[in-house]
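Novice: Here you go, one structure.
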Amino acid sequence: MQNTSPKKQVRFQHPEFREKLEKARRYARQAPGPRSRFVQILGILFLFSVLYFLTVSKIFLVSNAAVNGGADQKQIVDVLTYLGGKRFYLIPKNHILLLSQKRLLAELQAKLPTVRKITSYRRILPNSIELTVEAREPRYIWQSGSNYYLLDQDGVIFEKIANYAPESFPQVIISDGSAENLAVGQPLNINESLDFIKHLQTFWAEQMRDIGFVGVELPGRKSPDIFVRTSLGFRVYFDAKRSAGAQLANLKLLLYQEINPETYTGLSYIDLRLPNIAYYCYLDAPCAPENATSTLPQL
Numbered sequence: 226m227q228n229t230s231p232k233k234q235v236r237f238q239h240p241e242f243r244e245k246l247e248k249a250r251r252y253a254r255q256a257p258g259p260r261s262r263f264v265q266i267l268g269i270l271f272l273f274s275v276l277y278f279l280t281v282s283k284i285f286l287v288s289n290a291a292v293n294g295g296a297d298q299k300q301i302v303d304v305l306t307y308l309g310g311k312r313f314y315l316i317p318k319n320h321i322l323l324l325s326q327k328r329l330l331a332e333l334q335a336k337l338p339t340v341r342k343i344t345s346y347r348r349i350l351p352n353s354i355e356l357t358v359e360a361r362e363p364r365y366i367w368q369s370g371s372n373y374y375l376l377d378q379d380g381v382i383f384e385k386i387a388n389y390a391p392e393s394f395p396q397v398i399i400s401d402g403s404a405e406n407l408a409v410g411q412p413l414n415i416n417e418s419l420d421f422i423k424h425l426q427t428f429w430a431e432q433m434r435d436i437g438f439v440g441v442e443l444p445g446r447k448s449p450d451i452f453v454r455t456s457l458g459f460r461v462y463f464d465a466k467r468s469a470g471a472q473l474a475n476l477k478l479l480l481y482q483e484i485n486p487e488t489y490t491g492l493s494y495i496d497l498r499l500p501n502i503a504y505y506c507y508l509d510a511p512c513a514p515e516n517a518t519s520t521l522p523q524l
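Heads up, the final residue of the sequence shown is numbered 524 in the working numbering, and it's a clean run with no missing numbers.
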């Protein structure tokens with residue numbers, strides 16, 4: 226064992242060092258004063274108050290709604306009541322701090338598929354909201370197999386029609402060639418096709434008044450082909466990636482200058498999908514492009 230060096234022994238025996246060591250032995254932590262205890266109590270009370278108003282109290286649970294636009298106030302309040310029975314961790318989902326516009330829209334669309342968006346939203350303390358709701362527009366009837374659905378302007382299925390009757394629905398039918406089962410709230414992602422159909426309907430109503438626009442067939446949701454069924458029975462094939470107005474102008478040239486009106490009812494189809502050549506075929510003829518009559522419309 227090594228001996229302590231003389232320098233260290235001298236240091237430990239120094240009066241100043243001994244005095245510091247003695248003070249360290251006598252040191253005792255001071256008990257908190259009254260002011261410190263008061264601050265601690267306030268902090269604990271504040272914490273419990275926050276927990277109480279977040280998890281137990283009903284003061285800030287939204288139960289009142291001033292609703293403008295395309296939604297029923299009672300339906301909105303019913304959704305708020307439903308949210309009161311659900312919790313995000315320990316906090317009710319209709320608590321005014323949790324009930325953001327985005328969260329409320331998601332809940333409304335889950336319960337009320339006719340809701341498209343919330344265009345304005347304001348939280349009013351302690352337990353009210355004010356909002357403007359935009360409803361979905363039933364633009365088309367979507368037919369998939371034997372099922373019929375209402376389709377809105379965004380291409381979203383928002384209602385299944387239990388017993389479809391054509392006389393009860395003025396909307397144009399879009400038939401889906403895939404015949405798949407669809408769910409309410411499902412987006413079809415066919416915006417390009419819907420935009421084309423919308424423009425085509427407008428042009429058709431203005432320029433083709435003697436031949437009705439009955440319905441539309443899509444061979445597939447990703448296909449650019451648009452097949453229009455006419456009131457005379459024949460179909461017209463369009464390309465959704467080309468101008469609706471230009472293709473309809475070609476159709477007018479064919480119907481009013483090329484094809485004999487007396488033979489309209491015998492037509493099977495008119496194909497306008499190629500930019501410079503249009504094909505048309507009759508029911509009693511082999512309906513393939515190589516056997517169909519063709520023309521080169523001059524615009």
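Virtual Cβ for every residue (Gly too), placed ideally from N, Cα, C.
The structure presented is a predicted model; accordingly, all values stated were derived computationally and were not measured.
Looking at the unbroken beta strand (DSSP E) that takes in T357, where does it start and where does it end?
Specialist: It spans S353 to A360 - the beta strand (DSSP E) in which T357 sits, taken as one unbroken run.
Novice: When we look at the beta-carbon of K311 and count the other beta-carbons within 10 Å, is it buried (16 or more) or exposed?
Specialist: Answer is exposed; the Cβ neighbour count stays below 16.
Novice: Given this structure, state the Cα-to-Cα distance separating I349 from A465, to the nearest angstrom.
Specialist: So the alpha carbons of these two residues sit roughly 47 Å apart.
Novice: Decide if the stretch 361–374 is in contact with the stretch 384–404; the criterion is three or more beta carbon pairs, one per stretch, under 8 Å apart.
Specialist: The stretch 361–374, when compared against the stretch 384–404, does touch it at the 8 Å Cβ threshold.
Novice: Who are the Cβ neighbours of A469 in its own chain at under 8 Å, not counting the five residues just before and after it?
Specialist: Within the same chain, A469 has close Cβ partners F421, H424, L425, F428 and F463.
Novice: Would you mind working out which of A503, L497, L499 and G491 sits nearest A510, comparing C-alpha positions?
Specialist: Nearest C-alpha to A510: G491.
Novice: Does the separation of the CB atoms of L525 and K342 fall below 8 Å?
Specialist: Look at the range of the chain in this structure, 226 to 524, and you will see that residue 525 is not part of it.
Novice: In terms of residues, what are the limits of the alpha helix (DSSP H) holding L478?
Specialist: Taken as a continuous stretch (DSSP letters only), the alpha helix (DSSP H) holding L478 covers A469 to L478.
Novice: On the DSSP bridge assignment, give the partners of R454 in chain order.
Specialist: Beta-bridge pairing links R454 to G440 and R460.
Novice: Measuring straight from C-alpha to C-alpha, what distance separates A291 and S353?
Specialist: Roughly 8 Å between the two C-alpha positions.
Novice: Do I399 and V461 have their CB atoms nearer than 8 Å?
Specialist: For I399 and V461, no; Cβs fall outside 8 Å.
Novice: Just the Cα atoms here: how many angstroms apart are N388 and L279?
Specialist: Each residue's Cα considered, the two are about 47 Å apart.
Novice: Please state the DSSP three-state secondary structure of K327.
Specialist: Reduced to three states, the DSSP call for K327 is helix.
Novice: So the alpha helix (DSSP H) V275 belongs to, where does it begin and stop?
Specialist: Element bounds for V275: P259 to T280.
Novice: Whether or not the stretch 485–503 and the stretch 448–461 are in contact is what I'm after, with contact meaning three or more pairs of Cβ atoms, one per stretch, closer than 8 Å; do they touch?
Specialist: Enough Cβ pairs lie closer than 8 Å, so yes.
Novice: Once you ignore the five residues that flank S274 on each side, which residues in its own chain have a CB closer than 7 Å to its CB?
Specialist: Closer than 7 Å at the Cβ level, and outside the excluded window around S274, lies no residue.
Novice: Please classify P240: does DSSP put it in a helix, a strand, or coil?
Specialist: It is helical.
Novice: Measuring alpha carbon to alpha carbon, tell me which of G309, L323 and P412 ends up nearest Q334.
Specialist: Answer by Cα proximity: P412.
Novice: Given a threshold of 16 other Cβ atoms within 10 Å of its Cβ, counted over all protein chains shown, does S418 qualify as buried or as exposed?
Specialist: Classification of S418: buried, given that the 10 Å Cβ count is 16 or more.
Novice: Measure the alpha-carbon distance for Y505 versus L473 and round it to whole angstroms.
Specialist: Cα-Cα distance, rounded: 14 Å.
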